[in-house]
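Below: the structure, in structure tokens.
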Amino acid sequence: MTTDATTTPARAAAPRRRVLAQAGFELGSLLRNGEQLLVSLVLPSLALVGLSLTASPSLGPGRRVDVAAAGVIALCVISAAFTSQAISTGFDRRYAVLRYLGVTPLGRGGLVAGKVLATLAVEALQIAVIAVLGLVLGWHPAAAGIAYAVLFVVAGTWAFVALALLLAGTLRAEAVLAIANLVWVLLLGAGGVIVPRTELPDGVGQAVGFLPSAGLADGLRSALVDGELNLLALLVVLGWGVVSTALAARLFRFDD
Amino acid sequence: MTDAVTLSGLHRAFGRVTALDGLTWAAPAGRITAVLGPNGAGKTTAIECAVGLGRPDAGTVRVLGSDPWLAGADHRARVGVMLQSGGLPNGTKPLRLLHHLSRLYADPVDVDAVAQRLGVTDFASTTVRRLSGGQKQRLALAAALLGRPEVLFLDEPAAGLDPHGRLDVWDLVAEQRDAGTTVIVTTHSFEEAARLADHLVIMNAGRTAAEGTPDSVTAGRPLEDVYFSLTRKGAA
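Chain order of the listed sequences is U and S.
Read left to right, the first sequence gives residues 1 to 256 (my numbering).
Read left to right, the second sequence gives residues 1001 to 1236 (my numbering).
Given below as structure tokens:
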């Protein structure tokens, strides 16, 4: 042996530094990417402005801008944690980027941690933009519910990143692209995100309540409109997080 | 001479296809080992096992004394890898990528110097996705050198390069060896093997068909003749 492993100093950067480097790299890549910014920032902003200035579709009880802002924050989480993550991971897998990073000191665990951290950073940016825009439009979030809202954003990020990895780690990149976009549109239209499920037809609204999108958006509305913790919605989101994480851990393939 | 890399009795099957069938060879420390073999001989599978991307169904792999499948970040930092499949993120520019990757190491090389040396600076403003095959090879090689590796795995490093590019890569590989790095190069090129190898492995059908110094493997015959006699259909 040329080198004795027991006396060699650490050769890799510290774990925290590696994960932060990867998160910073992914965030930088995202901010340089016009289409991603469109989905992450422009579309949610348009949705908030559109909903605040019109009277339809019905958003149910509560001040319209308050209900809309909470739903749009849920939309931000879904676009950053699910759509954007699924597509980028799907193509990284196709082009062997996941394999390559797996042989660097970053490793597979560091890669996932970096992605989650980058996603949270994107969401912080999205929410900051939506908050400023919302305040301009007259949004009054319930101060008592802000901590609950943070809880839902974090739990929702977990569930949707796990779903994104489940999709990206099992299907072809083109299929991931198609499905991730389709799911985003479907959830936007009928997933109880922007239009609360109480405003959907009776049977549909009940069923939609079990979706992670509705769980997240219901939880955010309870928190930011009423200042309350919606435990049922939290259970739905956490349930999706547990199931998707277990499935992703079992089924995710790093090779295409 | 001690061995930095040992593969012993490796078996690996993908469904009904046997990729490795009792593969055994070793790479001596501080030397260049060239691994030759036809397509499907199992070269890439063997490298995957050696860098921890794959786990053999049976047999043992040791790299710098560790099992690469179980080894942690510090082990991976001691091993530089250039994969045939590339694996470099597509949407970024070469220098940004190299600077990022260098942050994963405690004591990386001077990124700009490596980039300059491999000519990466000539195409620094081109997105990775748009690089030519040869440019991607250079970038991947630069990336493999960032952590001052003790062992360097290069899967067909000169494939797709023009003659000048090949010569640059060969000079650089020899330089790494002279600095004490163990280098394992898979190749289809007899010229590359002849120029570089201190130690030669010829693989066929998932096994080692011949191994030793170039002189002991060829015994005075042209390398091509030895290779074809060992690897032609039916030779296994």
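Every residue gets a Cβ at the ideal spot worked out from N, C-alpha and C, and that includes glycine.
#### Entry: N-terminal and C-terminal residue of the alpha helix (DSSP H) that T89 (chain U) is part of
Residues Q85 to R94.
### Task
Please name the residue in U:R93, U:L251 and U:F82 whose C-alpha comes closest to that of Q36 (chain U).
For Q36 (chain U), the closest C-alpha among the options U:R93, U:L251 and U:F82 is that of U:F82.
### Query
Closer than 7 Å, CB to CB, is V176 (chain U) near chain S or not?
Interface annotation, V176 (chain U): not in contact with chain S, CB-CB separation never under 7 Å.
### Task
For A96 (chain U), return the contacting residues in chain S, with the cut-off set at a CB-CB distance below 8 Å.
Per Cβ cutoff of 8 Å: L1083, S1085, G1086 and G1087.
### Task
Whole angstroms is fine: what's the gap from G71 (chain U)'s alpha carbon to R221 (chain U)'s?
The straight-line gap separating the alpha-carbon atoms of G71 (chain U) and R221 (chain U) is approximately 7 Å.
### Task
Compare the C-beta of D1074 (chain S) with all C-beta atoms of chain U and state if any pair is closer than 7 Å.
It does; some Cβ of chain U falls within 7 Å.
### Task
Report, in whole angstroms, the separation of the C-beta atoms of G1054 (chain S) and T1045 (chain S), which I expect to be a contact under 8 Å.
That belief holds up - the Cβ atoms of G1054 (chain S) and T1045 (chain S) are roughly 7 Å apart, short of 8 Å.
### Message
Residues of chain U with CB closer than 8 Å to the CB of V1051 (chain S), please, in chain order.
### Response
What V1051 (chain S) touches in chain U: V103.
### Query
Just how far apart, CA to CA, sit A1219 (chain S) and L1200 (chain S)?
Cα-Cα distance, rounded: 13 Å.
### Message
For the ligand FAD, I want to know if L238 (chain U) counts as a neighbour, meaning its beta carbon is within less than 6 Å of at least one of the ligand's heavy atoms.
### Response
Summarising the ligand content, the structure contains no ligands, and the ligand FAD is consequently not present.
### Message
With three or more C-beta pairs closer than 8 Å as the rule, is the region 1201-1218 of chain S touching the region 1082-1099 of chain S?
### Response
Taking a contact to require three or more Cβ pairs closer than 8 Å, the region 1082-1099 of chain S and the region 1201-1218 of chain S do not qualify as touching.
### Query
Secondary structure at S79 (chain U), three-state DSSP: helix, strand or coil?
Of the three classes helix, strand and coil, the one that applies to S79 (chain U) here is helix, per DSSP.
### Query
According to the neighbour-count rule (16 or more other Cβ atoms, all chains shown, within 10 Å of its Cβ), is G114 (chain U) buried or exposed?
Under this definition G114 (chain U) is a buried residue.
### F1153 (chain S) beta carbon less than 7 Å from that of V1081 (chain S)
Pairing V1081 (chain S) with F1153 (chain S) gives a Cβ-Cβ distance under 7 Å.
### Query
Listing by chain order, which chain U residues have their CB less than 7 Å from the CB of L1104 (chain S)?
Counting only Cβ-Cβ distances below 7 Å, L1104 (chain S) has contacts in chain U at A12, A13, R18, A21, T104, P105 and L106, in chain order.
### Task
Spatial neighbours of W1170 (chain S) within its chain, please: CB distance less than 8 Å, with the 5 preceding and 5 following residues excluded, ordered by chain position.
A1158, E1192, R1195 and L1196.
### Message
Among the candidates U:A14, U:L20 and U:P15, whose CA atom is the shortest distance from the CA of V116 (chain U)?
### Response
V116 (chain U) has its Cα closest to that of U:L20, out of U:A14, U:L20 and U:P15.
### Task
Compare the C-alpha of R1076 (chain S) against each of S:E1224, S:A1144 and S:P1163 and name the closest.
Closest by C-alpha distance to R1076 (chain S), out of S:E1224, S:A1144 and S:P1163, is S:A1144.
### Residue range of the beta strand (DSSP E) that includes A1034 (chain S)
Segment I1032 to L1036, the beta strand (DSSP E) holding A1034 (chain S).
### Query
Between V242 (chain U) and the rest of its own chain, which residues show a CB-CB distance below 8 Å, the 5 nearest in sequence each way excluded?
So the list is empty, once near-sequence residues are dropped.
### Query
To the nearest angstrom, how far is it from the Cα of G239 (chain U) to the Cα of A246 (chain U)?
Rounded to the nearest angstrom, the two C-alpha atoms are 11 Å apart.
### beta strand (DSSP E) runs contained entirely in the region 1137-1173 of chain S, provided each spans 3 or more residues
Correct list: 1151-1155.
#### Entry: Cα-Cα separation between T1208 (chain S) and H1188 (chain S), rounded to whole angstroms
Near 15 Å, if we compare the C-alpha coordinates of H1188 (chain S) and T1208 (chain S).
### Query
Do A80 (chain U) and S52 (chain U) come within 7 Å of each other at the CB atom, strictly closer than that value?
Contact annotation: S52 (chain U) and A80 (chain U) have beta-carbon atoms that are not nearer than 7 Å.
#### Entry: Neighbour flag for S45 (chain U) against chain S, beta carbons, 7 Å
Using a Cβ-Cβ cut-off of 7 Å, S45 (chain U) does not count as an interface residue toward chain S, since no Cβ of chain S sits closer than that to its own.
### Query
Between which two residues does the beta strand (DSSP E) harbouring E1211 (chain S) extend?
Segment R1207 to G1212, the beta strand (DSSP E) holding E1211 (chain S).
### Task
Below 8 Å on the Cβ atoms is my guess for T170 (chain U) versus L234 (chain U); work out the distance and round it to an integer in Å.
27 Å between Cβ atoms; not a contact.
### Query
Looking at G215 (chain U) and V236 (chain U), is the spacing between their C-beta atoms short of 7 Å?
Yes, the Cβ-Cβ distance between V236 (chain U) and G215 (chain U) is below 7 Å.
### Query
Between L27 (chain U) and A118 (chain U), is the Cβ-Cβ spacing less than 7 Å?
Taking a C-beta distance under 7 Å as the contact criterion, L27 (chain U) and A118 (chain U) qualify as a contact pair.
### Query
Is the Cβ of Y100 (chain U) closer than 7 Å to any Cβ of chain S?
At least one beta carbon of chain S lies nearer than 7 Å to the beta carbon of Y100 (chain U).
### Message
Just verifying my parser: in three-state terms, what is the DSSP assignment at L30 (chain U)?
### Response
Under the three-state reduction of DSSP output, L30 (chain U) falls in the helix class.
### Query
With contact counted as at least three CB pairs below 8 Å, one residue from each stretch, are the region 57-77 of chain U and the region 138-147 of chain U in contact?
By the Cβ rule, the region 57-77 of chain U counts as touching the region 138-147 of chain U, because three or more pairs are nearer than 8 Å.
### Task
Give the C-beta separation of T1231 (chain S) and I1202 (chain S) to the nearest angstrom, bearing in mind that I take them to be a contact with Cβ-Cβ under 8 Å.
The pair is a contact, with the Cβ atoms about 7 Å apart (cut-off 8 Å).
### Task
Count the other CB atoms, across all protein chains shown, that sit within 10 Å of the CB of F160 (chain U); report buried if there are 16 or more and exposed otherwise.
Counting Cβ neighbours within 10 Å, F160 (chain U) comes out buried, since at least 16 surround it.
### Query
To the nearest angstrom, how far is it from the Cα of S29 (chain U) to the Cα of T1024 (chain S)?
S29 (chain U) and T1024 (chain S) have their alpha carbons spaced roughly 42 Å apart.
### Partners in chain S for N33 (chain U), counting only beta-carbon separations shorter than 9 Å
G1091, listed in chain order.
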